[in-house]
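Trainee: In the working numbering, each residue carries its 1-based index in the sequence shown increased by 174.
Just so you know, even glycine gets a beta-carbon here, dropped at the ideal spot from N, CA and C.
Quick caveat: nothing in here was measured; it's all calculated off a predicted structure.
Here it is: the structure, laid out below.
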Amino acid sequence: MALRGSIGRLLSQKFLFGKHLQYARGISSQNSFQFVDVEEKICSPAERHPKPDLATLGFGKHFTDHMLEIPWHIESGWGKPLISPIHDFKFHPAAKVFHYAIELFEGMKAYRGDDGCLRMFRPDRNMARMLKTATRSSLPTFDPEEMIKCLKRLIQIDRDWIPNSDTSSLYIRPTFIATDPSLGVASTNQALLYAILSPVGPYFSSGLAPVSLLADPKYVRAWPGGCGAMKMGSNYAPTINIQKEAERRGHQQVLWLYGDDHQLTEVGTMNIFIFLINKEGERELITPPLNGLILPGVTRLSLLELAKEWKEFKVVEREINMAELTELYEEDRLLEIFGAGTACVVCPVGSISYMDREFKIPQAESSLSERFRKVMGDIHYGRLSHPWAVKID
Ligand code: COI
Numbered sequence: 175m176a177l178r179g180s181i182g183r184l185l186s187q188k189f190l191f192g193k194h195l196q197y198a199r200g201i202s203s204q205n206s207f208q209f210v211d212v213e214e215k216i217c218s219p220a221e222r223h224p225k226p227d228l229a230t231l232g233f234g235k236h237f238t239d240h241m242l243e244i245p246w247h248i249e250s251g252w253g254k255p256l257i258s259p260i261h262d263f264k265f266h267p268a269a270k271v272f273h274y275a276i277e278l279f280e281g282m283k284a285y286r287g288d289d290g291c292l293r294m295f296r297p298d299r300n301m302a303r304m305l306k307t308a309t310r311s312s313l314p315t316f317d318p319e320e321m322i323k324c325l326k327r328l329i330q331i332d333r334d335w336i337p338n339s340d341t342s343s344l345y346i347r348p349t350f351i352a353t354d355p356s357l358g359v360a361s362t363n364q365a366l367l368y369a370i371l372s373p374v375g376p377y378f379s380s381g382l383a384p385v386s387l388l389a390d391p392k393y394v395r396a397w398p399g400g401c402g403a404m405k406m407g408s409n410y411a412p413t414i415n416i417q418k419e420a421e422r423r424g425h426q427q428v429l430w431l432y433g434d435d436h437q438l439t440e441v442g443t444m445n446i447f448i449f450l451i452n453k454e455g456e457r458e459l460i461t462p463p464l465n466g467l468i469l470p471g472v473t474r475l476s477l478l479e480l481a482k483e484w485k486e487f488k489v490v491e492r493e494i495n496m497a498e499l500t501e502l503y504e505e506d507r508l509l510e511i512f513g514a515g516t517a518c519v520v521c522p523v524g525s526i527s528y529m530d531r532e533f534k535i536p537q538a539e540s541s542l543s544e545r546f547r548k549v550m551g552d553i554h555y556g557r558l559s560h561p562w563a564v565k566i567d
């Protein structure tokens, strides 16, 4: 570790590469930080925080004792990863993240299995998406394997925070921000990649109860050529006011529509699935395609892959609009609607309010959403051995 550290320091000296370092970065290990360089500053027992009560966990309110930080600078490239006690940041008020929202994040989870083993769910998928978002944000990329190793180490250090319950998990929030203190609308010269961990219970305070949706076509979440397929904070900020409007109008979440034909795109912060009987009388599961408006969710992908493996009904990625949904509803061909995402896993939809009309979505006794929830839970908690569940220790 020490040897690699000093070589890294030497390589990053300006006198060796000067301004050509940027070009060298494309072909050398300067492209990425390395797990072997991780430095650890572990809390003393007195510095550790008390663990929250399982019953009051909620979502994202509690944080573990440590965090991961990896600095990047245009001239010296990636610095060494540091795991240290969780702490506040100090940044210049001109830091680009505060002005132009040069920020991105990921949401992933680790679970304590029924067998006591810790597992992460498909971390490679989150890292692939993070790198795509980094490129779109003009932030530097890194070796995803090295980041996964750093995250695993952080989780190992704070392993006691992972709840011993199959309704809870450890939410992992890797975040990447532009910290350059300058107001030019340009790519950043410095950035910070970090990760924090939060033990979580159910995402919605209503638990697993079906949610009611407001679908108001005057609001859109994403548009062609935009960044709706990226996991950037700037996609979420403008949705909060609309979410509040949905709540004011008596609903729990927003159904995001797009276009003159009011295509269904996403629900709240989740991907949307519609289970129906098609005109040929066959059962069909539909989710909107990855056309740039849709976040390529890891849960979305997993449900599609599971359903295709089952071969029990048609599985189709295609656009679906409110006129078709109305027809399905009126012809009793709508079986279920549900949302899917890392935070909630699978969430049934109970009703949709659209243009003065209220659609009561059917709730089957043994529903597809419940079946998905169970299989995903079996994979998450190690009851079903599966390559998607990556062991941590
Ligand atoms: C997810 O469910 O994947 C999310 O990203 C939700 C998060 C924004 C709270």
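Inspect the CB distances between the stretch 363-372 and the stretch 340-353 and report whether three or more fall short of 8 Å.
Mentor: The answer is yes - the stretch 340-353 touches the stretch 363-372, with three or more Cβ pairs under 8 Å.
Trainee: For G515, verify whether its CB is less than 7 Å away from any heavy atom of the ligand COI.
Mentor: Residue mapping note: residue 515 aligns to position 341 of the sequence shown, counting from 1. Yes; taking the cut-off as 7 Å, the Cβ of G515 has a heavy atom of the ligand COI nearer than that.
Trainee: For P318, name the three-state secondary structure that DSSP assigns.
Mentor: Within the sequence shown, the letter at position 144 stands for residue 318. Correct three-state label for P318: helix.
Trainee: Skipping 5 residues on each side, what residues in its chain have a beta carbon closer than 6 Å to that of G182?
Mentor: In the sequence shown, counting from the first residue as 1, residue 182 sits at position 8. Summary for G182: the model assigns pLDDT 40, below 50, so the residue's position carries little reliability; its value from the coordinates is reported in the next sentence. If we look at G182 and ignore the five residues flanking it on each side, it has no Cβ neighbours.
Trainee: Quick one: does L502 have its CB under 8 Å from some CB of chain C?
Mentor: Any reference to chain C falls outside this structure, which holds one protein chain only.
Trainee: Answer yes or no: the CB of C217 versus the heavy atoms of the ligand COI, is any distance below 7 Å?
Mentor: The residue given as residue 217 occupies position 43 in the sequence shown. Incorrect: C217 has no Cβ contact closer than 7 Å to the ligand COI.
Trainee: Among residues of its own chain, excluding the 5 on either side of G551, which ones have a beta-carbon nearer than 8 Å to its beta-carbon?
Mentor: Position 377 of the sequence shown, counting from 1, holds the residue named residue 551. D340, V519, R557.
Trainee: In the stretch 462-486, which residue ranges form an unbroken alpha helix (DSSP H) of at least 4 residues, counting only runs that do not cross its ends?
Mentor: Those alpha helix (DSSP H) runs which fall completely within the stretch 462-486 and span 4+ residues are 472-484.
Trainee: With distance defined between alpha-carbon atoms, name the residue in E532, L542, R293, H266 nearest to R333.
Mentor: Counting from one through the sequence shown, the residue named residue 333 turns up at place 159. Comparing Cα positions, the closest option is R293.
Trainee: Roughly how many angstroms lie between the CA atoms of W335 and R296, to the nearest whole one?
Mentor: Counting from 1 along the sequence shown, the entry for residue 335 is found at position 161. Counting from 1 along the sequence shown, the entry for residue 296 is found at position 122. Cα-Cα distance, rounded: 20 Å.
Trainee: For R557, which three-state DSSP category applies?
Mentor: Counting from 1 along the sequence shown, the entry for residue 557 is found at position 383. Three-state result, R557: coil.
Trainee: Within its chain, find whatever has a CB closer than 7 Å to the CB of A563; leave out the 5 residues flanking it on each side and keep chain order.
Mentor: Taking the sequence shown and counting its residues from 1, one reaches residue 563 at position 389. Once the five neighbours on either side are set aside, the close Cβ partners of A563 are R293, F295, I553, H554, G556.
Trainee: Contact between the stretch 439-448 and the stretch 463-482: three or more CB pairs below 8 Å?
Mentor: Contact between the stretch 439-448 and the stretch 463-482 is present, because at least three Cβ pairs lie under 8 Å.
Trainee: Cα separation between L231 and D239?
Mentor: For this step, residue 231 is matched to residue 57 along the sequence shown. For this step, residue 239 is matched to residue 65 along the sequence shown. Going from the Cα of L231 to the Cα of D239 covers about 16 Å.
Trainee: Quick check: does the Cβ of M404 come within less than 7 Å of any heavy atom belonging to the ligand COI?
Mentor: If you number the sequence shown from 1, residue 404 lands on position 230. No, the ligand COI has no heavy atom inside 7 Å of this Cβ.
Trainee: Measuring CB atoms only, is the stretch 265-276 touching the stretch 522-539, in the sense that at least three cross pairs come out at less than 8 Å?
Mentor: The stretch 265-276, when compared against the stretch 522-539, does not touch it at the 8 Å Cβ threshold.
Trainee: Taking the alpha-carbon of L313 as reference, which of P462, M304, E320 has the nearest alpha-carbon?
Mentor: Here residue 313 refers to the residue found at position 139 when the sequence shown is read from its first residue. Among P462, M304, E320, the Cα nearest to that of L313 belongs to M304.
Trainee: What is the DSSP secondary structure of I416, counted as helix, strand or coil?
Mentor: Within the sequence shown, the letter at position 242 stands for residue 416. It is helical.
Trainee: In the DSSP assignment, what residue or residues form a beta bridge with P373?
Mentor: Within the sequence shown, numbered from 1, the residue matching residue 373 stands at position 199. Per DSSP, L344.
Trainee: With 16 other CB atoms within 10 Å as the buried threshold, where does R423 fall?
Mentor: In the sequence shown, residue 423 corresponds to position 249, counting from 1. Result: exposed.
Trainee: By how many angstroms is the C-alpha of E483 removed from the C-alpha of K548?
Mentor: Taking the sequence shown and counting its residues from 1, the one referred to as residue 548 is at position 374. Taking the sequence shown and counting its residues from 1, the one referred to as residue 483 is at position 309. When rounded, the distance between both Cα atoms is 16 Å.
Trainee: Work out the CA separation of D567 and C324 for me, nearest whole Å.
Mentor: Along the sequence shown, read from residue 1 onward, the residue named residue 324 stands at position 150. Along the sequence shown, read from residue 1 onward, the residue named residue 567 stands at position 393. In a straight line, the C-alpha of C324 is about 13 Å away from that of D567.
Trainee: I'd like to know whether the C-beta atoms of F546 and L509 end up nearer to each other than 8 Å.
Mentor: Working through the sequence shown from its first residue, we reach residue 546 at position 372. Working through the sequence shown from its first residue, we reach residue 509 at position 335. Going by C-beta atoms, F546 is not nearer than 8 Å to L509.
Trainee: Looking only at C-alpha atoms, which of S206, L499, G466 sits nearest to R531?
Mentor: Within the sequence shown, residue 531 is the residue found at index 357, counting from 1. That would be L499, whose Cα lies nearest to the Cα of R531.
Trainee: Do F207 and F350 have their beta-carbon atoms positioned less than 8 Å apart in this structure?
Mentor: Start at 1 with the first residue of the sequence shown, and residue 350 comes out as number 176. Start at 1 with the first residue of the sequence shown, and residue 207 comes out as number 33. Their beta carbons are not under 8 Å apart, which means F350 does not touch F207 by this criterion.
Trainee: Counting only the same chain and skipping the five closest in sequence on each side, list residues whose C-beta sits under 6 Å from that of Q437.
Mentor: Position 263 of the sequence shown, counted from the first residue, corresponds to residue 437. Excluding positions up to five away in sequence, the list reads E493, N495.
Trainee: On the DSSP letters alone, give me the boundaries of the alpha helix (DSSP H) that K306 sits inside.
Mentor: Here residue 306 refers to the residue found at position 132 when the sequence shown is read from its first residue. Segment 297-310, the alpha helix (DSSP H) holding K306.
Trainee: Any idea what DSSP makes of M496, helix, strand or coil?
Mentor: On the sequence shown, residue 496 is found 322 positions in, with the first residue counted as 1. DSSP places M496 in helix when its eight states are reduced to three.
Trainee: Where R199 and G251 are concerned, what is the direct C-alpha to C-alpha distance, given to the nearest angstrom?
Mentor: The residue you call residue 199 lines up with position 25 of the sequence shown. The residue you call residue 251 lines up with position 77 of the sequence shown. Its pLDDT being 40, under 50, R199 is placed unreliably in this model, and the coordinates cannot settle the point.
Trainee: Check the DSSP bridge columns for N445 and list the partner residues they point to.
Mentor: Residue 445 sits at position 271 when you count from the first residue of the sequence shown. Paired residue(s): E440, A514.
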